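Numbering (my numbering), first residue to last: 1 to 173. Quick reminder that beta carbons are idealized off the backbone N, C-alpha and C, glycines included. Computed from a predicted model, the values in this text were never measured in an experiment. Working notes for the structure below.
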Amino acid sequence: MKALLFITISLGLLLLGFSGCQDQDDSQRTAVSDAINDTQANEQDDSFLVRIDGIDLNADAVVTTLFDLGQTEVLQITGTNSQTGASLSLRFPASMDVGSYAYSGTTDQDAVVGFYDPGMTMTGSFVSQSGILNITVYNTALRTINGNSVFTLSDPVAGSVIEVSFCEFSAAF
């Protein structure tokens, strides 16, 4: 009789332990599910529409990166055409907010800078000289940014100048 009572109590405790694990697993599943739902709610389709000297870049890959450059945290948005290898990058301090900002013609860590690499050509890379970057949406909580820009770039070696007459972006970071 004592053995049967012991087995019954042990089995009850074991079942109670499993049901406690089930509750914990459910709460963990719920937390993971909530995190996935939050991520999906914050996702947006990244887009990077660019026209350089009258020709569309046709970026099929957009990468947005938040990183430290010296003492400044910067955000960089890059659109790349995987067929030609051409890419355009916009880089600016992450501390900026919605507004209009001038390209300074420098590549300093706290400057608004554009870079263009024509890809599989014999020309060099281009660096922004002048123009305007407009940030229309910048939500650090949702980690999204939208805006547009027009600017000129020059090849520092050859001295040739090109124009970004249209640039519109929407990205998550």
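Tell me whether residue i is buried or exposed, calling it buried when 16 or more other Cβ atoms sit within 10 Å of its Cβ.
| i | result |
| --- | --- |
| THR84 | exposed |
| LEU153 | buried |
| PHE48 | buried |
| THR80 | buried |
| ILE36 | For ILE36, the predicted model reports a pLDDT of 37, less than 50, meaning its position is unreliable and no value from the coordinates is stated. |
| SER130 | exposed |
| GLY147 | buried |
| SER170 | buried |
| VAL74 | buried |
| ALA158 | exposed |
| LEU66 | exposed |
| ALA59 | buried |
| ASP45 | exposed |
| SER95 | exposed |
| SER149 | buried |
Do residue i and residue j have their C-beta atoms within less than 7 Å of each other?
| i | j | result |
| --- | --- | --- |
| ASP174 | PRO93 | There is simply no residue 174 to check, as the chain begins at 1 and stops at 173 in what is shown. |
| ALA61 | SER82 | yes |
| ILE52 | THR64 | no |
| TYR103 | SER87 | no |
| PHE115 | ILE162 | no |
| ILE135 | VAL98 | yes |
| LEU133 | VAL164 | no |
DSSP beta-bridge partners for residue i?
| i | result |
| --- | --- |
| LEU88 | GLY79, TYR116 |
| PHE151 | GLY131, VAL164 |
| ASP68 | GLU73 |
| THR144 | ASN139, ALA172 |
| TYR103 | Paired residues: none, contrary to the question. |
| LEU49 | GLU168 |
| VAL62 | GLY79 |
Just checking: is the beta-carbon of residue i within a distance shorter than 7 Å of some beta-carbon in chain C?
| i | result |
| --- | --- |
| PHE48 | Of the protein chains in this structure there is only one, and it is not chain C. |
Would you mind giving the Cβ-Cβ distance between residue i and residue j, rounded to the nearest angstrom? I have them listed as a contact below 8 Å.
| i | j | result |
| --- | --- | --- |
| VAL50 | PHE166 | 7 Å |
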